[in-house]
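Notes to accompany the following structure.
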Amino acid sequence: MAANATQPLLIRLRCIELPGCEFDGRSNVRLGIQKGKDVIEDVSAAAAEIVFTCLLRVAKNSETGKPNFLGPYAQGTPQARFIYLCWGERMDGAWAGFGRTKIHLQEIPWHSVEASIATGNAIEATIKMTNKKGAPLFASVGKENITWKL
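Using the numbering used here, the first residue of the sequence shown is number 7, and each one after it goes up by one.
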């Protein structure tokens, strides 16, 4: 791939161990993925598993040799890209968010990106979506809650 050329890349986020639909006085808690500024594809947090698949574009950073993830699902700076999973409720169709979970992409090395592009297979993360108290997982996902299949 030529320097700075972008290629499509699929990322699959498999969310497990969801907290249920009741939390902090709320009774219809949902989990969605942020695309641009919108939360889409939200599903009840009572589900056994939720899978989000997002299409990114990726280019190799010529200075660092690391991937630079681009597109409406990619948030943050080129050095620290991430995807947001968002907790909230739907109120008359409108999203009422109350927290987000940050899935850092810097764990994905360039050789895994190349392999994924070559095979057409998605890079997959399995994420435990509850904290130690059984509540929705907020903030950055720690290594104990995520497993990458590269």
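Note that beta-carbon positions come from the ideal geometry of N, C-alpha and C, so glycine has one too.
Note that this is a predicted model, so its numbers are computed, not measured.
Is DSSP giving residue i helix, strand or coil here?
i    : result
M7   : With a pLDDT of 47 at M7, under the threshold of 50, the modelled position of this residue cannot be trusted, and the question is left open.
V119 : helix
E55  : strand
N151 : helix
A124 : helix
I133 : strand
I5   : The first residue shown for the chain is 7 and the last is 156, placing residue 5 beyond what the model contains.
Can you name, in chain order, every residue of its own chain whose Cβ lies under 8 Å from the Cβ of residue i, other than the five neighbours on each side?
i    : result
P84  : N67, N74
F144 : W93, G105, R106, T107, N137
V45  : G38, I39, C92, G94, W101, G103
N34  : C27, S50, E95, R96
Classify residue i: buried if its beta carbon has 16 or more other beta carbons within 10 angstroms, exposed otherwise.
i    : result
A131 : buried
M135 : buried
Q112 : exposed
S146 : exposed
L37  : buried
L62  : buried
N194 : What the structure shows of the chain is the stretch from 7 to 156, and residue 194 is not part of that stretch, so it cannot be assessed.
D30  : exposed
Over the uninterrupted beta strand (DSSP E) stretch that includes residue i, give me the two end residues.
i    : result
K138 : Element bounds for K138: n/a, residue is neither H nor E.
F144 : Here F144 belongs to no beta strand (DSSP E), and DSSP marks it neither H nor E.
L15  : 13-22
Within a Cβ cutoff of 6 Å, which residues of the same chain sit near residue i, ignoring the five residues on either side of it in sequence?
i   : result
R87 : F75, A80, L111
Can you find the residues in the same chain that come closer than 7 Å, C-beta to C-beta, to residue i, ignoring five residues on each side of it along the sequence?
i   : result
F14 : Residue identity differs from the one stated: residue 14 is Pro in this sequence, not Phe. Once the five neighbours on either side are set aside, the close Cβ partners of P14 are L61, R63.
So within the region 28-106, which uninterrupted beta strand (DSSP E) runs reach at least 3 residues, ignoring any that extend past its ends? 36-41, 44-50, 55-66, 73-76, 88-97
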